[in-house]
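Reading through the structure tokens given below for one structure.
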Amino acid sequence: PHPFPLPLPFPHPFPLPFPHPFPLPFPLPFPHPFPLPFPFPFPLIPTPKPIPIPTPFPTPTPIPTPFPTPIPTPFPTPKPIPTPTPKPTPISIPTPTPISIPTPTPKPTLTPTESDTMFSERMHPSPAEAHTPLLRRAVKQPAVFQRPDIQPPPVAWKKVQLPNNPKQALAESFALISSDDWEKTITGLNIIDSLVQNYPAFVVTRLHDICLVLIQEVLNLRSSVSRVAVATVGAMFSHLQKNMDPELEVMTTALLQKVGVTNEFTRQDVDSALDRMVQNCTPIHVAKALLSGGLRHVNGAVRKCAAQHLANLAERVGAAWLLSDTRDITETILPAIARLAQDPSQEARHFGRHMVIFLASHPDFSKMAKKYLSEKEIAELRRITQKAQQEVAKPQISCRTSKSQTTLPSCGVSQVHAKVKPTPTPAVTDSMSHERISPSCSTQKSQVHAKVKIYRMAEREDYIENMKAQMGSKDFHQRMEAINNIVADCVLRPDLVVACKFVVFDCIVERLQESNHKVNQHVLEALEKIIPQLKDNLAQVINILVPAIVDNHLNCKIHAIHNAADRVLNSLIHHLDNTLLLDVLLTKAQLVNGKAKGHLIFKLADIVTGLYMRKPQMVEQKVVPFLWKMLVSSNNRAPPPPCATLSTPRWASV
Numbered sequence: 001p002h003p004f005p006l007p008l009p010f011p012h013p014f015p016l017p018f019p020h021p022f023p024l025p026f027p028l029p030f031p032h033p034f035p036l037p038f039p040f041p042f043p044l045i046p047t048p049k050p051i052p053i054p055t056p057f058p059t060p061t062p063i064p065t066p067f068p069t070p071i072p073t074p075f076p077t078p079k080p081i082p083t084p085t086p087k088p089t090p091i092s093i094p095t096p097t098p099i100s101i102p103t104p105t106p107k108p109t110l111t112p113t114e115s116d117t118m119f120s121e122r123m124h125p126s127p128a129e130a131h132t133p134l135l136r137r138a139v140k141q142p143a144v145f146q147r148p149d150i151q152p153p154p155v156a157w158k159k160v161q162l163p164n165n166p167k168q169a170l171a172e173s174f175a176l177i178s179s180d181d182w183e184k185t186i187t188g189l190n191i192i193d194s195l196v197q198n199y200p201a202f203v204v205t206r207l208h209d210i211c212l213v214l215i216q217e218v219l220n221l222r223s224s225v226s227r228v229a230v231a232t233v234g235a236m237f238s239h240l241q242k243n244m245d246p247e248l249e250v251m252t253t254a255l256l257q258k259v260g261v262t263n264e265f266t267r268q269d270v271d272s273a274l275d276r277m278v279q280n281c282t283p284i285h286v287a288k289a290l291l292s293g294g295l296r297h298v299n300g301a302v303r304k305c306a307a308q309h310l311a312n313l314a315e316r317v318g319a320a321w322l323l324s325d326t327r328d329i330t331e332t333i334l335p336a337i338a339r340l341a342q343d344p345s346q347e348a349r350h351f352g353r354h355m356v357i358f359l360a361s362h363p364d365f366s367k368m369a370k371k372y373l374s375e376k377e378i379a380e381l382r383r384i385t386q387k388a389q390q391e392v393a394k395p396q397i398s399c400r401t402s403k404s405q406t407t408l409p410s411c412g413v414s415q416v417h418a419k420v421k422p423t424p425t426p427a428v429t430d431s432m433s434h435e436r437i438s439p440s441c442s443t444q445k446s447q448v449h450a451k452v453k454i455y456r457m458a459e460r461e462d463y464i465e466n467m468k469a470q471m472g473s474k475d476f477h478q479r480m481e482a483i484n485n486i487v488a489d490c491v492l493r494p495d496l497v498v499a500c501k502f503v504v505f506d507c508i509v510e511r512l513q514e515s516n517h518k519v520n521q522h523v524l525e526a527l528e529k530i531i532p533q534l535k536d537n538l539a540q541v542i543n544i545l546v547p548a549i550v551d552n553h554l555n556c557k558i559h560a561i562h563n564a565a566d567r568v569l570n571s572l573i574h575h576l577d578n579t580l581l582l583d584v585l586l587t588k589a590q591l592v593n594g595k596a597k598g599h600l601i602f603k604l605a606d607i608v609t610g611l612y613m614r615k616p617q618m619v620e621q622k623v624v625p626f627l628w629k630m631l632v633s634s635n636n637r638a639p640p641p642p643c644a645t646l647s648t649p650r651w652a653s654v
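In terms of UniProt numbering, the sequence shown has 201 at position 201, counting the first letter as 1, and numbering is strictly consecutive.
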């Protein structure tokens, strides 16, 4: 048989007019039916046509014989008499007794998935397809390799039915997770999630085995599998609560390790899972797990995540419990807070100092600090608290009127009017600095604390859900109202907007790209108010914000929209570090056409003027080659029309 499938059988053998170019283990009795992808080095010999052989004697033509004419009879032919046909007598055949064959007990098998069915159909075709050529069968089969943009929705979104037998369902989930197919792995994780929600008592009996499996999938390199595993771990924290205490340390270490190596979406999932752990598990075990997994990690993002959730835990349990000196909690957490307050990472240091200021208001803080901290650490914490008091005192010092007769050396001295005697008011004593703080200072201190408020994951999720619902409304008035709400939040709650900045600016970019010009102009005018409030916190979203402004509105023929887009770019240059804007403006200046190119080259010229003094090497490596390229292209081109003004900004930039 031929090693390749043939579309139809050949009824007669044909001579092969040339040797086949591929080595075959046996000669072919017929020519190859497919065209060859390259020419042959020797000429093809056409197949000779068969030559007819003449016969020696011609075949005689048969002579037709005449038939005799029938003679009519004088009498009519009688009609035949029908004879009744006897019915056959049925013969009774005895039915043989069936022989009972014992049916073997079938083994419990897993429910085949869609991918298993497709695989079995490919490996074991039906009898009708068994004799069909492979080329024809390939057309009938579903496509195995598909484009990434036409893939079906992830299996993680499919609902898993409630298992009746949890023990069998757990064994099935372990078998699916151990498979090499990532879709089967996600299905197995969904089964575990269903067991956690519906059979928590059974899951506790196999908790260690389940946690070991989940840790491996949390560290999976495929992000879709890893995110489903992280969500399953979060569900375990919510439903099992204190039963998860023995496994907190290993689970938290795996989650924190995922923070330092993955994208922003997986980090948000990890934050959600850790927030559930802080809210539902035992505080002492949560604190030890966060400190063991993230306190001494080499990655700053991991230390920041651990410090953030440790600050959430401190707000949940209160300063009195942390300084109670019971169950070694104070001995464990106080040196860790002092270390985080001096962390090299700015974000981790922010949360550490926030916890120091939070604990410094308790009267036992000084005593516990002397008991568990060194003199060097105590001096650093005292410096942090004094700096916080000075920041509180600055607004009060600046608000003094000219009628004041005395100076205000510190925040603890009350302001005395020349003729008015102050009424006695209770004062608050700071345990670290031992200075008296007036009620006005305590009010301002609470306002400073409100500015650095840490928003929990539940609050962020509610804010994002409400904002998305309003920004996606069909009424453009509702969308414009949502933009106004974001501007108000940037003024009143900037920390919340910064915590949700990726989702917020994704929605803003969608509104910049829609076809309603009123909404476009309103968003651009709102960005002029948002940028001064957030400033350098926009560093991670300018790569999506600047292209949306330049591509959609800098070339707009409506002067109001064009001018608003130009003002937004000027605001970005004024309030952000120009080193962050240099790359994105260079990229867009090379790709954009029309009058927007001239505007961007003018912006680059403004940036280079101040940036070259700080970063001369960056300017020489990136900006100068681009400007020379623009200058050479303008000189080698045909004379531009009178309305073209691109050469002017090029020369001005150089």
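Heads up, the beta-carbon is just placed ideally off N, CA and C, and yes, glycines get one too.
When the Cα atoms are used, D271 and V225 turn out to be separated by approximately 17 Å. Per DSSP, H362 is not a residue of any alpha helix (DSSP H), being assigned neither H nor E. Closest by C-alpha distance to D583, out of S194, Q168, V619, is V619.
Shown here, I508 sits in a helix according to DSSP, grouped into three states. By the Cβ test, the region 290 to 298 is in contact with the region 325 to 343, since at least three Cβ pairs between them sit closer than 8 Å.
By the C-beta density criterion, K367 is exposed, having fewer than 16 other C-beta atoms within 10 angstroms. Relative to I284, the option among I192, I486, I333 whose CA is nearest is I333.
In this structure, C305 places its C-beta atom within 8 Å of the C-beta atom of L256. When DSSP states are grouped into helix, strand and coil, E377 belongs to the helix group. Cβ contact annotation for A320 (same chain, cutoff 7 Å, sequence separation greater than five): H362, in chain order. Distance from V497 to C490 at the Cβ level is roughly 5 Å; contact confirmed, criterion being Cβ atoms closer than 8 Å. Here G472 carries a coil assignment [DSSP, helix/strand/coil]. Taking a C-beta distance under 8 Å as the contact criterion, T326 and Y372 do not qualify as a contact pair. Rounded to whole angstroms, the gap between the alpha carbons of Q540 and F265 is 14 Å. A Cβ-Cβ contact shorter than 8 Å links V230 with V218. Where Q168 is concerned, the enclosing alpha helix (DSSP H) starts and stops at 166 to 177.
Between L381 and L322 the beta-carbon gap is near 14 Å, outside 8 Å, which marks them as no contact.
Within its own chain, the residues whose Cβ lies closer than 7 Å to the Cβ of A548, once the five positions on either side in sequence are excluded, are V509, L512, Q513, listed in chain order. Short of 7 Å from the beta carbon of A560, and not among the five residues preceding or following it, lie these beta carbons of its own chain, in chain order: Q521. The DSSP-derived three-state label of C556 is coil.
The C-beta distance from R227 to D275 rounds to 16 Å, too long to meet the 8 Å contact threshold. DSSP places M277 inside the alpha helix (DSSP H), whose first and last residues are 264 to 280. Judged by DSSP secondary structure, S224 falls within the alpha helix (DSSP H) whose first and last residues are 223 to 240.
Cα atoms of N485 and T252: separation of roughly 36 Å, rounded to the nearest angstrom. With fewer than 16 other CB atoms across the displayed protein chains lying within 10 angstroms of its CB, S473 is exposed. Per DSSP, reduced to three states, the secondary structure at L323 is coil, with no helix or strand assignment.
For the pair N312 and V259, the CB atoms are not nearer than the 8 Å cut-off. The C-beta distance from F351 to A307 rounds to 4 Å, short enough to meet the 8 Å contact threshold. In this structure Q533 touches P494 by the C-beta definition: roughly 6 Å separates them, less than 8 Å. If one requires a minimum length of 4 residues, the alpha helix (DSSP H) runs lying completely within the region 173 to 212 are 182 to 198, 200 to 205, in chain order. K597: member of the alpha helix (DSSP H) spanning 595 to 611, first to last residue. Along the length of the region 480 to 546, whole alpha helix (DSSP H) runs at least 4 residues long occupy 494 to 499, 501 to 512, 517 to 534, reported in chain order.
For the pair N537 and K588, the CB atoms are not nearer than the 8 Å cut-off.
From the listed residues A388, M355, G300, T609, the smallest Cα separation to Q346 is found for G300. Taken in chain order, the complete alpha helix (DSSP H) segments of 4 or more residues contained in the region 557 to 585 are 559 to 575.
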